[in-house]
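Residue numbers (this note's numbering), protein chains in the order written: chain A, 1 to 365; chain B, 366 to 776; chain C, 777 to 1075.
Cβ atoms here follow ideal geometry from the backbone N, Cα and C, with glycine treated the same way.
Working notes, structure below.
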Amino acid sequence: MTQNLVADKSPQSDVATPGKLSQVNMVLYGAIAVAGIVAPLLFPAYTFQIAVLWLMVMFAITWDIMGGQMGYNSLGNIFFFGTGMYICALVQIGLYYDVGEYTAAFGAIKVDYTEQQYFTGLALGVVAAAFGSAVLAVLVGNAIFGLRGPYFAIGTLGIAFAAAELIGGWDWVGGGGGISLPVYPGEPDDRSLFFYAVCFVLAVCSFLYVRWLYGRRFGLAVNAIRDNEDKAEAMGLHTRRYKTVAWSSSAFFLGIAGAIFGNMIGFIEPLEVAFPTVTFGIFMVAMSLLGGKGTLWGPVIGAVAFHLVKELTWTYMLGWQFVALGVIIVINIVYFQQGLMGWAREKWPHRFGIAVDEEPERARP
Amino acid sequence: MMHQAMKLGLLAGAGALLATSALAKVEGDTIWLGSAISLTGKYATNGVHTQRGYELAAKKVNDMGGIEIDGKKYKIAIKYYDDESTPARGAQLAERLIKQDGFKYMLGPYSSGLTKAIAPVTEKYRIPMVEAEGASRSLFTQGYRYLFGIISTSEQYLGSAVDLAAEMAEKGGGKASDVKVAMAFENDPFSLDVRAGVLDDAKRHGMKVVIDDKLPRDLNDMSATLTKVKALRPDLLLVSGHSKGAATAARQIKELQIDVPMIAMTHCESADVIGKFGKEATNGFLCPTQWAETMSYKGPYFGSAGDFDKAFKATHPEYTSVPYQSAQAAAAVLVWADAFKRANSLDPEKLRDTLTTTDLTTFYGRVKFDDTGKNIAKPMALRQIQDGMLNVVAPSAFASHPVEHPRKAMY
Amino acid sequence: MDNIDILLQAPILNVQLLLDGLMIGAIFALAAYGLALVWGVMNVKNLAQGDFVIAGGYIGYALAQAGIHPILALPIAFVVMFGFGWLLYKWVISRVVDRDLFASLLATFGIAIVLQQVLNLIFGPEVRTAESGLETLSFAGGLVTVAEIKLLSFVLAGILAASIIVFMKRSRMGQAIRATAQNARAARVLGIDTERVYAFTFALNAAICGAAGVLVVMIWVIQPYFGIVYAVRAFIIVVAAGLGNMPGVIVAGLLLGAAEQFSGFILGAEFQVASVVGMLLAVLVWRQMQQARLRQALQ
């Protein structure tokens, strides 16, 4: 997997010819698919970590739709992660219990879900989370899409903050006390595999979706908005429509991600788990930038590298891990201004020629 | 296109990540206990208190020859990961300690929220966890079989203060139901659980709750709430918000010259409010405590409560009073040591069964678990700041001083 | 709405809330003023703003531990943080000045988490305070109390803000800063060393935050992770007041402090932050509607 991990087409080719996969690309996608399936079997102890890695990949990919491709820098995408998490939790609980009693700090209810109840609740919850978040994106988006540049960034950040605080003050959903979600009915190893599979499929789907999306007119249109919104509008692009599609697409996937992550953790509460604005919320931006925003593969590479670094420093540099993380972010921004992809492109420009197929030397010796 | 160097880097990274599984549950003559603990983030103050307690007890056990199992002497060591004070990270780290690093015996994290996130994980993998810092009642209503909490649950924190207020009202010729209660609780799992307990107690006495504010977690200012207190003149003010809540409350009570006859707050000692704001301004605060050095308990290893107090201060001279968080953490390690000895085995399942039959008296008090895994053999105590000293005033079995009511504060 | 009744029945409490609000607002205003400076002059959005405040607070705490009165620590923190800001500019910020939005946001985010953790390693995670030893003034039978230290801090904050405004108007450096803010290229053409101007501006911002931090440690409490409170407020204030509107920033800071107190009183402390963020969103949406109207006029 690693051998071909960063193999990429030039950014121009990101928006070219959907559906037609070159030979090398087929190999690459095949390798990733195999790696994704084999990883939990090879390293069963790391299933949870790798599942989180796939979520991180998905965070970066979906952030990049708005942030990278369209140039609308959102700091508040985590909003949809949290709303998805809470919508799913409420559906899971509400189907079988009284939500207010279930969430009471007293913890009077002894929760007992059968296998069928659990999976029905989870499935319905995920669907509700996905569509609920997308609908929220349309509603919220219409209020703030007129904001530009830093104002959009701060505005979206404000929405995420406000949501966390409001849910924290809402007793019916447990407020700041949080909710313990129903426990997976099967064996722990099955549970890890189950959530791993969901995360992997989710990451793959979001990648294929954006790949398909960027290959259509949509890709060109959002790039036009990034380059000059006023001109794009003057040329007759319905910019607002594109913004809505872009944001609700991110919201759709993030909603599912939140629903799944909540169930993986098992205990959710608004400030640390559901709306972690200053951790996951900023990490998703950092990961996209680390890999190279506005490219198809950049966010993926960035997420993998970031997650590896984070896990390693957390293991080996206890006490200094935040220092290491901060220094890495700073070095990344200062010295790799265009991300790893941009850096590679500058270093080996001939490999990023117009040619659509990657690594022409190797592919056609 | 990725360059070779980058590929190698990623591979090396992945390799190093995998290499962490070297730690095992028992290595040579060392038994490893695992714990996710808050070393950074908002619970870090008490996370560190907890860690120091664990370390001191592990050292004590090792210094006294370790634990003998099947004729072989073992030492205890503890592996920590930093959970950043967030449940999301805590659950991941528990998974990691158990699955990757192979830990079979766990010590709890700090705070109810983190324990709520970690308990389902240890339960699933059938790994026994002795926890000393998660007081939420709802931890023990879920039917967890592998969770053992050695502290009194959260409804007992301020319950005794409410009872005391009722008693004082009756002594003064009034009725308990005349008492007006003001509450300012942080919006986090622990404090909300304390709040639920207080609401029950207040209802039982028929008291009227006049203020019920939930303080934000990055709390630096509660003057709006305290201004309300000035206006409504309650008879009892209750505050709970970990160490930063206690420090903020003590400072602003002093500044706003809050004149309430009875004030009770959690975490006074761990926030060292006397040292910070002086004995005049903090005089009369009631501080619920899981443990006090004046209590008359005695047990193996540390000796009496007073001896533990001395041992802790000798190791950490910067402490003027030993926070109960450290004491109970140390006690958790002793409970483990006792279980290992009695089980005479390293098998987690056997240890779990042994833990259920624990009946141990330590410097921290008696530890005996009920069916749900919580310790029912130890009451909470209430201290009052009296002329700069934290004197135990309730329950009467441990009280060294009578309670001062109404509190006499000098601002 | 019982809480509104209380305010109506005991109107004197409004005074207490207003005073407390203005005093915390003064601290917010200082942090926001610094942010407006670096944002306006060099287009750097400094997420580490709050952590500069906390760092200043720890300098005050450390000096207080060493026996220096915290009020005297204020100028020392100002100078130390100025030097720290200058170094930080040379090492990191100078490389992100002319870059897109996220370069400065993320670089300063990185700085923020390093700073938090370094403070945690040096001072430990305990909550810290420094006592000024001043008394509390009491009016209206104890219904209104004002700690002298708050009053003094308010005055000090005012003096600090006033002297910076005078400095910006009168001194050569101040003029150079303003010229650079208006048009950096033209300023360079006219012989202004913009690199030095940037370094000075960033250092000045750090110094202002440091001084604010000393006030914080005397009035409230600090902990290594408390920076976010001030960073969020600073961003809200600058965005609400609008860039380049320095008096507006100060007024908005004071108003925000007061608004927080009143919303905390009336809605309850749990909605204090939410109501402030709600106000920010309202301002943004209102602005956007105005802009839309402007665009329609152009059509």
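Asked                                                                                                                                                                      : Found
Assuming Asn648 (chain B) and Asp752 (chain B) are in contact, meaning their beta carbons sit under 8 Å apart, how far apart are those beta carbons, in whole angstroms?   : 7 Å
By the 10 Å Cβ neighbour count, where 16 or more other Cβ atoms means buried, how is His238 (chain A) classified, buried or exposed?                                       : exposed
Does any C-beta atom of chain B lie closer than 8 Å to the C-beta of Gly30 (chain A)?                                                                                      : no
Do you know offhand how far Gly730 (chain B)'s Cα is from Pro767 (chain B)'s?                                                                                              : 22 Å
Considering only the beta carbon of each residue, do Met745 (chain B) and Pro653 (chain B) sit closer than 8 Å?                                                            : yes
Under 8 Å, do Ala160 (chain A) and Phe322 (chain A) count as touching if we go by C-beta distance?                                                                         : no
Should Thr884 (chain C) and Asn822 (chain C) be called a contact, given that it needs their Cβ atoms to be closer than 8 Å?                                                : yes
Could you work out which residue in B:Lys568, B:Leu755 and B:Tyr439 is closest to Val544 (chain B) when comparing CA atoms only?                                           : B:Lys568
How many Å lie between Leu877 (chain C) and Ala697 (chain B) at the Cα?                                                                                                    : 50 Å
Could you give the C-beta distance for Gly1029 (chain C) and Ala805 (chain C), rounded to a whole number, given that I count them as a contact under 8 Å?                  : 3 Å
Between Ala1050 (chain C) and Ala162 (chain A), is the Cβ-Cβ spacing less than 8 Å?                                                                                        : yes
When DSSP builds the beta bridges, which residues end up paired with Pro653 (chain B)?                                                                                     : B:Leu747
What are the partner residues of Met818 (chain C), as DSSP defines its beta bridges?                                                                                       : Note: Met818 (chain C) sits in no beta bridge, so no partner.
When you compare each of C:Val922, C:Ala1010, C:Gly836 and C:Leu891 to Ile618 (chain B) by their alpha carbons, which one comes out closest?                               : C:Val922
With a 10 Å radius around its C-beta and 16 neighbouring C-beta atoms as the bar for buried, classify Ala387 (chain B) as buried or exposed.                               : Residue confidence is low: Ala387 (chain B) scores 41 on pLDDT, short of 50, so the model does not pin down where it sits. Its coordinate-derived value is still stated next. Exposed.
So Val323 (chain A) is in the beta strand (DSSP E); what residue range does that whole segment cover?                                                                      : Premise fails: Val323 (chain A) lies in the alpha helix (DSSP H), Gln321 to Tyr335, not in any beta strand (DSSP E).
How close, in whole Å, do the beta carbons of Pro290 (chain A) and Lys310 (chain A) come, if the pair is a contact with beta carbons under 8 Å?                            : Sequence inspection shows Leu at residue 290 (chain A); the Pro mentioned does not correspond to that position. Not quite, the Cβ-Cβ distance comes to about 11 Å (not below 8 Å), so this is no contact.
Can you tell me the Cα-Cα spacing of Pro554 (chain B) and Thr727 (chain B), whole angstroms?                                                                               : 29 Å
What residues in its chain sit with their C-beta under 8 Å from that of Asn552 (chain B), if we drop five residues either side in the sequence?                            : Lys579, Leu580, Pro581 and Arg582
Buried or exposed for Met994 (chain C), please, with buried defined as at least 16 other CB atoms from any protein chain shown within 10 angstroms of its CB.              : buried
Whose CA, out of C:Leu895, C:Pro1023 and C:Phe930, lies closest to the CA of Met944 (chain C)?                                                                             : C:Pro1023
Return yes when the Cβ of Tyr522 (chain B) is within less than 8 Å of the Cβ of Thr631 (chain B), no when it is not.                                                       : yes
Here's a check: name, in chain order, each residue in its chain whose Cβ is nearer than 6 Å to the Cβ of Ala957 (chain C), leaving out the five neighbours to either side. : Gly816 and Val817
Which same chain residues, not among the five before or five after Gly174 (chain A), have their C-beta less than 6 Å away from its C-beta?                                 : Thr103
Under 7 Å, CB to CB, which of the residues in the segment 857 to 890 of chain C have a partner in chain A?                                                                 : Val868, Arg871, Val872, Arg875, Leu877, Phe878, Ala879, Leu882, Ala883, Phe885, Gly886, Ile887, Ile889 and Val890
Between which two residues does the alpha helix (DSSP H) carrying Asp876 (chain C) extend?                                                                                 : Looking at the DSSP string, Asp876 (chain C) is not in any alpha helix (DSSP H), and its letter there is neither H nor E.
Starting from the beta carbon of Ala153 (chain A), find every residue of chain C whose beta carbon is closer than 7 Å, and list them in chain order.                       : Leu877
Measuring alpha carbon to alpha carbon, tell me which residue in A:Ala197, A:Ile333 and A:Leu53 is nearest Leu41 (chain A).                                                : A:Ala197
I want to check one thing, is the minimum distance from the CB of Trp397 (chain B) to the heavy atoms of the ligand SAM below 7 Å?                                         : Only the bare structure without any ligand can be found here, which leaves the ligand SAM out of the picture.
Taking buried to mean at least 16 other C-beta atoms within 10 Å of its own C-beta, is Trp172 (chain A) buried or exposed?                                                 : exposed
DSSP three-state call for Leu388 (chain B): helix, strand or coil?                                                                                                         : Confidence at Leu388 (chain B) is low in this model, with a pLDDT of 45, below 50, so the placement of that residue is unreliable and no value is reported for it.
At which residues does the beta strand (DSSP E) containing Met660 (chain B) begin and terminate?                                                                           : Taken as a continuous stretch (DSSP letters only), Met660 (chain B) belongs to no beta strand (DSSP E), as it is neither H nor E.
Determine the direct distance from the alpha carbon of Ser556 (chain B) to that of Gly412 (chain B), and round the result to whole angstroms.                              : 16 Å
Smallest Cα separation from Asp64 (chain A): which of A:Val285, A:Ala305 and A:Gly266?                                                                                     : A:Val285
How many angstroms separate the CA atom of Ser403 (chain B) from the CA atom of Gln1067 (chain C)?                                                                         : 47 Å
Taking contact to mean at least 3 C-beta pairs separated by less than 8 Å, is the segment 21 to 31 of chain A in contact with the segment 420 to 436 of chain B?           : no
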